[in-house]
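Sequence order for the protein chains is A and B. Residues in the first sequence are numbered consecutively from 1477, following this note's numbering. Residues in the second sequence are numbered consecutively from 1477, following this note's numbering. Note that the Cβ used here is the ideal one computed from N, Cα and C, for glycine as well. Because the structure is a prediction, the values reported are computed rather than measured. First up is the structure itself, then whatever we jot down about it.
Number of protein chains: 2
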Amino acid sequence: ECYETSDLIIVTGGLGPTKDDITKKALAKLCNCEQYKYDINQARLIEDICNKRNIALTKLNRDQAFVPECCEVIINRLGTAPGMIFRLNNKNKNVILFSLPGVPYEMEHMLPAVIETVKKEFKIDSIYHRTLLTFGIPESTLASMIENWEDNLPDEIKLAYLPNPHTGVKLRLSIYGGDLDNNAQLVEKEVVKLKQILGNAIYGEGDESLESVLSKYLTYNHKTISVAESCTSGRISSILTSIPGSSVYFKGGIVAYDNSIKMNILNVKEDTLNNFGAVSAKCVEEMAENVRKLMKSDFSIATSGIAGPSGGSTDKPVGTVWIAISGPNFLESQMKVFNGNRNNNIERFSTEALNFLRLRLGLQLK
Amino acid sequence: ECYETSDLIIVTGGLGPTKDDITKKALAKLCNCEQYKYDINQARLIEDICNKRNIALTKLNRDQAFVPECCEVIINRLGTAPGMIFRLNNKNKNVILFSLPGVPYEMEHMLPAVIETVKKEFKIDSIYHRTLLTFGIPESTLASMIENWEDNLPDEIKLAYLPNPHTGVKLRLSIYGGDLDNNAQLVEKEVVKLKQILGNAIYGEGDESLESVLSKYLTYNHKTISVAESCTSGRISSILTSIPGSSVYFKGGIVAYDNSIKMNILNVKEDTLNNFGAVSAKCVEEMAENVRKLMKSDFSIATSGIAGPSGGSTDKPVGTVWIAISGPNFLESQMKVFNGNRNNNIERFSTEALNFLRLRLGLQLK
């Protein structure tokens, strides 16, 4: 159906080695291409992958490198199934068809090759995007705050709100067509105004993240960090170390899920747990201060809360979290309440904690 | 366009409070519905959410509860934008249109209401699915192992391979149409044969996961677990505690990213690190054994590896991980090498570690 109506078709999936994977055969038939060729580069990669993982090189694996004669291969470095580019002609209309693997990260790493080909084959209007990343202001409040600014945007600038419950609201300013340099200047003017309105709510732009912003600061200043997590249970450690090179500044963490771990390893006082409970300012402050000393780091983050679905009370409903941050000359804590399910709460507690430290360190888009 | 060709339309997104959210208006126009109504239940929920999170109840928020008179509301408990059901008539064809929020988990929690409505309005053929979950056998090897069985499947049973690089290959057996009880029996016969071929590679079925299988075992047997993570940096703790009620069996973890933490908190011997390195059997065995003692748990898991992109060597390339598991009467370790990028390696190291313990505990689909 697409073949009739489209100039560019992207197909994903069905390239695996098993009997239910029929994309390659179907496309060969569509192209009337009976001959297959052996892609030697992909074949070598398949062999390497099997050797490295110490798994048998089966006929099924090797056959992954067989592709229809008429296609152009996009090498798959992360898996065994190569991507393929087919150039078709339907009633004098040229159609270009990409067949990519269904495994998301294998597909993703082929996109640069796809984009390059598309750019070569099609005449594409310029699009200028600039995306500012905000955290901590709910979408509706944000919209009220910038209503005036938004109403006065030049007509050619389109604004999109891209909210993500965990990483905040992205504001994307776009101009379609026109001269890229001009567009950049036009958008920059508006960004300057926006920064004045939103201040430190803007933590970065483009591909940045709370963890990449903290990463840059810690790396540049030769500072280190450690974490003590209860309810977030390793998630903050996990986010911080998703950045390549994080071993330079991340020393480690204690996941103190059980209260015995809070007392015996993090030295939280029994009195604190008895009098205030594990979800309290006092508890997270002791956790943050003690993990910082234990791991000899410059900064630390601690969390304790109720992710749910059970464990809530009227005083401390599900979604409540206490967060503490500690540094050479500060120890601060705050409470927040969120409204998600278990995994959303854990995720949100974690990014909220990162944001708390970011704000304390004065990190915002310059 | 869908409106012309489809009986059932699902639209997601564009229901937010900001100016770029135009779905509600567009649908009202499509229905020629000028009147709006105030959905009091959603309005109350919006108020609750704002109160709980201690954020201002703006006009923009409140307006989320205004919906076109002609639609039926699906309440949103996780956010402010309600879902809507529109019943349209196009040239004597009835069309039912669902408008759902774009935030994935808000959308997801409305699906039961959507499915209920669809079941009522449409006559639907029965589909019988049964999904078996395997771990540790690459898709191509798996396909070779079950080739004979697959070739002899009754014609009405369709087999799908659903590979996920982190959680293994799912095998889904489906029968379309026919009597559900009959189909269940027919599939059960084949499942019995499949279990004989694949044995303990099948860890569960349906919605189960490695962590839920471990969760059931630990809860039922009143056993506890702790973890010591280097390269996986909290990810195993995070996966284990994604299960509600995990506080019963999960005591906590040490993220020992820096070698100083391995030595000072986990008591890994300096000699071990000097002679064998952090990515070694000896190191993870000490980590596993010591965290189990430190946290007084019955079982423990430890990991140390090279997630990449840097840090690899000829001996220990990026993607190498050593995993140890320890229990009252065992201490075992193994090395594996994977081929992903940083985050895929971390994820794969983590599920591989959970699978290692699962196999040692003899947990498989009965």
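| Check | Outcome |
| --- | --- |
| Nearest to residue 1466 of chain B (by Cα), restricted to the options B:1745, B:1657, B:1568 | The structure shown does not extend to residue 1466 of chain B, since chain B is modelled only from 1477 through 1842, so no value can be given for it. |
| Nearest neighbour of residue 1524 of chain B, chosen from B:1591, B:1480, B:1538 [CA to CA] | B:1538 |
| Per DSSP, the bridge partner or partners of residue 1564 of chain B | B:1571 |
| Inter-residue spacing [alpha-carbon to alpha-carbon] between residue 1826 of chain B and residue 1637 of chain B | 23 Å |
| Selected residue, minimal CA-CA separation from residue 1497 of chain A, among B:1511, B:1578, B:1635 | B:1635 |
| Outcome for residue 1478 of chain B when other beta-carbon atoms lying within 10 angstroms are tallied against a minimum of 16 | exposed |
| Under the three-state DSSP convention, the category residue 1586 of chain B falls into | coil |
| Reference residue 1682 of chain A, options A:1796, A:1782, A:1606, closest by Cα | A:1606 |
| Cβ pair residue 1795 of chain A, residue 1777 of chain A closer than 9 Å | no |
| The region 1663-1683 of chain A touching the region 1728-1743 of chain A, judged by at least three CB pairs closer than 8 Å | no |
| Entirely enclosed alpha helix (DSSP H) segments - the region 1490-1544 of chain B, minimum 4 residues | 1499-1506, 1516-1529, 1535-1538 |
| Proximal residues, the region 1557-1581 of chain A versus chain B, C-beta separation under 8 Å | 1579, 1581 |
| Neighbour list for residue 1741 of chain B in chain A, Cβ cutoff strictly below 9 Å | 1728, 1730, 1741, 1770, 1771 |
| Residue 1829 of chain A, DSSP secondary structure in three states | helix |
| Chain-order list of residues whose beta-carbon lies under 7 Å from that of residue 1834 of chain A (same chain, five-residue window excluded) | 1679, 1686, 1689, 1690 |
| Boundaries of the beta strand (DSSP E) in which residue 1610 of chain A is found, first to last residue | 1603-1610 |
| Chain-ordered residues of the region 1811-1833 of chain B with a beta carbon less than 7 Å from chain A | 1813, 1814, 1815, 1816, 1817, 1818, 1819, 1820 |
| Candidates B:1625, B:1707, B:1694, of which the one nearest residue 1674 of chain B by Cα | B:1625 |
| Alpha helix (DSSP H) segment containing residue 1768 of chain A, residue limits | 1757-1770 |
| C-beta contact flag for residue 1558 of chain B and residue 1512 of chain B at 9 Å | no |
| Closer than 9 Å to chain A by CB, residue 1497 of chain B | yes |
| Contact under 9 Å by Cβ, residue 1602 of chain B with residue 1659 of chain B | yes |
| Simplified DSSP assignment, three categories, for residue 1837 of chain A | coil |
| Segment contact flag, the region 1790-1809 of chain B with the region 1748-1766 of chain B, C-beta cutoff 8 Å, min 3 pairs | yes |
| Residues bridged to residue 1598 of chain A [DSSP beta-bridge criterion] | According to DSSP, which records beta bridges pairwise, residue 1598 of chain A is partnered with nothing at all. |
| Any C-beta of chain B under 9 Å from that of residue 1764 of chain A | no |
| Proximity test, Cβ basis, 9 Å: residue 1619 of chain A and chain B | yes |
| Neighbour flag for residue 1713 of chain A against chain B, beta carbons, 9 Å | yes |
| Pair within 9 Å by beta-carbon distance, residue 1748 of chain B and residue 1829 of chain B | no |
| Alpha carbon of residue 1643 of chain B to alpha carbon of residue 1824 of chain B, nearest angstrom | 8 Å |
| Bounding residues of the beta strand (DSSP E) (the contiguous stretch that carries residue 1487 of chain A) | 1484-1488 |
| Which of helix, strand or coil DSSP assigns to residue 1554 of chain B | coil |
| Residues sharing a beta bridge with residue 1780 of chain A, DSSP | A:1798 |
| Helix, strand or coil at residue 1725 of chain B [DSSP, three-state] | coil |
| Residue 1718 of chain A vs residue 1715 of chain B beta-carbon contact at 9 Å | no |
| Contiguous alpha helix (DSSP H) assignments of at least 4 residues, all confined to the region 1649-1715 of chain A | 1656-1674, 1686-1696 |
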